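Structure, as structure tokens:
Residue numbers (this note's numbering): 16 to 182.
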């Protein structure tokens with residue numbers, strides 16, 4: 016019994032989006048010694064969500080998605096910090112290494128998730144439903160007394176409140 020491919024695709028999207036955001040934040044915190052502001056984080060969150068949505072909606076390879084996420088994440092954080100710069104060879108190598116390690120970890124997480132979901136599915140099939148209690152349907156309320164509503168409408172709008180200003 017195979018795991019649900021749609022669920023695995025959503026998990027893959029979450030892995031890719033989360034990795035794009037985390038790697039970009041950590042890289043810039045290490046390089047600049049400071050954390051990005053809220054505006055840059057908001058733009059980075061948008062980049063990570065888009066990367067995750069693309070990863071969940073397609074079967075593209077993880078490495079190009081992570082590379083694109085790193086490029087756009089770098090742009091978002093550089094513009095947010097007020098000084099845009101082109102990455103040097105050391106930064107490019109660090110981003111490439113991070114992407115390769117992250118893609119291997121994501122592939123392992125995908126495989127582990129599929130195995131875990133299959134195990135849970137097999138256990139659930141053996142043991143049957145988790146509850147033996149009967150499930151009751153919700154009963155609609157057919158009667159509501161009009162007296163309470165009339166009391167609310169009869170009171171009207173109150174003019175009572177705190178004093179305007181005391182000197």
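Using N, Cα and C, we set each Cβ at its ideal position, and we do this for glycine too. A quick note: this is a predicted structure, and the numbers were derived from the prediction, not measured.
| Item | Value |
| --- | --- |
| Which of helix, strand or coil does DSSP assign to residue 53? | helix |
| So the candidates are 40, 143, 126; which of them puts its Cα closest to the Cα of residue 18? | 126 |
| Between which two residues does the alpha helix (DSSP H) containing residue 129 stretch? | 104 to 142 |
| In chain order, what residues of the same chain have a beta carbon less than 7 Å from the beta carbon of residue 117, not counting five sequence neighbours either side? | 34, 38, 81 |
| Could you check whether the Cβ of residue 105 sits closer than 7 Å to any Cβ belonging to chain B? | This model lacks chain B altogether; it includes just one protein chain. |
| Could you have a look at residue 153 and say whether DSSP puts it in helix, strand or coil? | coil |
| Among 92, 71, 29, 20, which has the Cα closest to the Cα of residue 40? | 92 |
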